[in-house]
Amino acid sequence: MGKRFDPGVQVGVVIVGAGPAGLVLGNLLLDRGIDCVILERRGREAVEGRARAGFLAAHSVRVLTQHGLADGLLARGHTHRTCLFRSEHGEFTLDYGELGRGEVHTVYPQQELVRDLLAEYLRRGGEIRFDTEVEEISEGGRVRTSDGTDVTGRYVAGCDGHRGVARATMTAHGTRTARWDHGVSWLAVLVEAPPSMEAVGYALHERGFAGHMARTATVTRYYLQCPRGTDPADWSADRIWAELETRFRVDEFGMLKDGPVLEKAVVDLRSDVLDAPGDGRLWLAGDAAGLISPSAAKGANLAVLQAERLAQALVSALKHADESDLARYAADCLPRVWRAHEFSHWMSGLLHGPSAEDTENTVDARARYGRALQYARLDSLRTSRAHQDFFAENYTGI
Ligand code: RFL
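Residues 1 to 398 in UniProt numbering are what the sequence shown spells out, letter by letter.
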C-alpha cells in the first residue's frame, strides 16, 4: 500500500496501529514533511469496518478541520446537542448546546472517520502495511514484525490500542498504570433502525442502565448494562428488544423504532492511565496510553488530542532536534486526560447505580445507598443550572 517500503532504511516515525490515533498522527506528520510508515496487524477491510465510537467533541472537529481531515465528517456527520434522562421519576432533556460553553457533538461513525483518514493518508503519499503485526519494540527504535522484517524508526509511535505491544513495552520498563474497574459491562448493540429519539437517551432502571445513541439515519447504537461474563450469544434479538423496551419504559414514553441487530458485543467498563505515555524513542497515543470507559464517549476524542500533541512534539524533535516538546508531552496531555476520566467516572456512577454484587447481597443497605446517590445526582442535574453548565462543559469538552 503506498510506495514500496524498504525495510533497510530508517524512517522518521514508525507508527504501530491504524486506528484514529495512528491515522491522525500519520496525516499530521506527512503534512509537515516527516516520513513515516504505519504497521497494522489487521487487513484494510477489518480496519475500515470496525464500528465503535460516534460522538466527536468540538475540539476533535476543530483539530481535524484545521488539518484538512474533516471533509467527510462535515459533509455527512450531523451535530447533536441534546441528551435525555429517563427513570422511574420521569424524564428530562438537557439542551447541552445551550449550556456550558455552548459546544455540541458531531455524530460521525468511527469507521467512516477511519476510512477518510486512511484515504487522506494514502493521498498524501503515506505508507501503510496491513496484516503486519508488531511483535516487539526494542530500544533504539527497532520494531520486529510478524513477517520477520525489522523496521527502524528514529521514533516509534505506539497507537496500537490498550492491548498493544507498545503499552506492554512501556510497562515492562517500569511505567506504572493507574487503573479502575467499574465492575459492570455493556452489551453494545448496533441495529439497523433509525434513531428513536432526537437526543442521546440514558435510561436508569432497577434492571440496569440502557443507552440510545444515534449513528446514522438508518443505524442506531444501543447499550444494555449486563453482568460481567455475559455471553452475547445469550442475547437474541427478541431478548435485546424486550429489555430495551423495559428499561426505556416504552409503556409510559412510547415505542422504540426496532430493526435487525447488526452487531452485538460485550464491553467491560474499565479505565486506566499510564503514568508516562512514552520515553526515549517510544511514545504512545490513544487507547495505548490510557483506556477510558465508554460512559461519556471520550476515547476517540482523547486519541485525536494526543495524536495532535504527539505530532507537534515529533515534528520539533525531527525537524529541529528539539525534544523539549516530547519531554512535555505527558504534562501537556495528562491534566486533560484526567479531567475526561473524572467526568467519565462520574457518568458511570450516574448511569449504573449499585453493582450486581451489591444487589445480590442479602443485606442490601449498600445497594440502597448506591441507588439513592444515583437519583440524587440525577436530581441535581435536573434542577441546578450550575450543575447543568458544568455537565455540558465536561460532556462536550476534551
Ligand atoms: P484503536 O482504535 O483500538 O486502534 C488500534 C489499532 O492498532 C492495531 N494493533 C496493532 N497493529 C500492529 N501490531 C500490533 N501488535 C497491534 N496491536 C493492535 C489494531 O488492529 C487497531 O487497528 O485505538 P486508538 O487509535 O487509540 O483509538 C481509540 C478509539 O478506537 C476508542 O477510544 C473509541 O472507540 C472509544 N469509544 C468511543 N470514543 C468516543 O470518543 N466516542 C464514542 O462515542 C465512543 N464509543 C467507544 C465507543 C468504544 C467502544 N468499544 C467497543 C470499546 C463505543 C464502544 C462500543
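Note that the Cβ used here is the ideal one computed from N, Cα and C, for glycine as well.
For Gln10, which residues from the same chain have a beta carbon less than 6 angstroms from its beta carbon, with the 5 sequence-adjacent residues on both sides left out? Closer than 6 angstroms at the Cβ level, and outside the excluded window around Gln10, lie Thr152.
Under the DSSP definition of a beta bridge, which residues are partnered with Thr220? Bridge pairing for Thr220: Val191 and Ala214 [DSSP].
To which residues of the same chain is Ser344 closer than 6 angstroms at the C-beta, ignoring the five residues directly before and after it? Within the same chain, and ignoring the five residues on either side of Ser344 in sequence, the residues whose Cβ sits closer than 6 angstroms to its Cβ are Ile292, Ser293, Ser295, Ala296 and Lys298.
Other residues of its chain near Gly43: CB distance less than 7 angstroms, five sequence neighbours each side excluded: Excluding the 5 residues flanking it on each side, Gly43 has same chain C-beta neighbours closer than 7 angstroms at Phe130 and Asp131, in chain order.
Which one of Leu64, Arg154, Gly102 and Val143 has the shortest CA to CA distance from Asp116? Closest in alpha carbon position to Asp116, among Leu64, Arg154, Gly102 and Val143, is Leu64.
Using CA atoms only, rank isn't needed, just tell me which of Glu40, Gly140, Tyr108 and Ala210 is closest to Arg160. Note that residue 160 corresponds to Asp in the displayed sequence, not to Arg. Among Glu40, Gly140, Tyr108 and Ala210, the Cα nearest to that of Asp160 belongs to Glu40.
Please report how far the alpha carbon of Val266 lies from the alpha carbon of Leu187, in whole angstroms. Near 4 angstroms, if we compare the C-alpha coordinates of Leu187 and Val266.
Return the Cβ separation of Ile128 and Ile38 in integer angstroms, given the expectation that the two are a contact with Cβ distance under 8 angstroms. The pair is a contact, with the Cβ atoms about 4 angstroms apart (cut-off 8 angstroms).
Report all residues from its chain with a CB closer than 6 angstroms to the CB of Leu316; omit the five preceding and five following residues, and keep chain order. Residue 316 is actually Ser in this sequence, not Leu. So the qualifying residues of the chain are Asp322 and Asp325.
Please determine if the region 247 to 256 and the region 266 to 278 are in contact, where contact requires at least 3 C-beta pairs separated by less than 8 angstroms. Contact between the region 247 to 256 and the region 266 to 278 is absent: fewer than three C-beta pairs spanning the two stretches fall below 8 angstroms.
Closest Cα partner of His105 within the set His59, Arg247, Leu378 and Ser196: The candidate whose alpha carbon is nearest that of His105 is His59.
Taking its Cβ as the centre, do 16 or more other Cβ atoms sit within 10 Å of Arg167, making it buried, or is it exposed? Buried, because 16 or more other Cβ atoms sit within 10 Å of the Cβ of Arg167.
Is Gly153 near ligand 2 - that is, is its Cβ less than 7 angstroms away from at least one heavy atom of it? With respect to ligand 2, the structure shown offers nothing to examine, as its ligands consist of ligand 1.
Contact with chain D by Val151, beta-carbon distance below 8 angstroms: In the structure shown, chain D cannot be found, because there is only a single protein chain.
For Gly54, is the classification buried or exposed, using 16 other Cβ atoms within 10 angstroms of its Cβ as the cut-off for buried? So Gly54 ends up on the buried side.
Out of Glu98, Cys226, Pro109 and Ala300, state which residue places its alpha-carbon closest to the alpha-carbon of Thr216. It is Pro109 whose Cα lies nearest to the Cα of Thr216.
Neighbourhood of Trp235 by C-beta distance below 7 angstroms, restricted to the same chain and skipping five residues each side: Same-chain partners within the cutoff: Leu187 and Lys264.
Local Cβ density within 10 Å of Gln66, reported as buried at 16 or more and exposed below that: Gln66 is exposed by the Cβ-count criterion.
Proximity test, Ala21 beta-carbon vs ligand 1 heavy atom, cut-off 7 angstroms: Because some heavy atom of ligand 1 lies under 7 angstroms away, the Cβ of Ala21 counts as near it: yes.
At the level of alpha carbons, what is the spacing between Arg239 and Ala233? Distance between the alpha carbons of Arg239 and Ala233: 11 angstroms.
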